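Residues are numbered in my numbering as their position in the sequence shown, beginning at 1, plus a constant of 648. We put the CB at the ideal spot given by N, CA and C, even for glycine. These numbers were taken from a predicted model, which means no experiment stands behind them. Comments concern the structure below.
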Amino acid sequence: MAYNHQTRSTDRYPVTYPVVFGGAPFVGEGQLTDLSTSGCAIACDRTVLSGSYVQLNVLMPDQSPSLAIELGKIRWVKGYVFGVEFIRLPIRAHQQLDQVIWTRFLRSLGRPALA
């Protein structure tokens, strides 16, 4: 059954963060194009296989520590863009991701992010 990315349970927010990803049999670099608490979309210059498992290392802005996703699953592929569902994140990464999403949410409402 094909994964329908139109039926997401969480909102995604547009971002442009560099990312390094890897999984058997590929390693690559790209840009996150959107992000949520449950997944992301990545644009890159290589093809990947839907259903593959990957690790992600997202380079965050403002000198923040990188966001490490221990395990994700590629749910859809459209050309050189693919969607990843987050499966396993360390506690620190989960907290960092929640903070990034909260900041994006506030910005979408036209409110400043809290420090």
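| Query | Result |
| --- | --- |
| Is the distance from the Cβ of Val706 to the Cβ of Ile722 below 7 Å? | no |
| Please list the terminal residues of the continuous beta strand (DSSP E) segment that includes Asp682. | 674-683 |
| CB-CB under 7 Å to Pro738, same chain, minus the five flanking residues each way: which ones, in chain order? | Ala716, Glu718 |
| Which value, in whole angstroms, describes the spacing of the CA atoms of Arg660 and Val675? | 24 Å |
| According to DSSP, simplified to helix, strand and coil, what is Val748? | helix |
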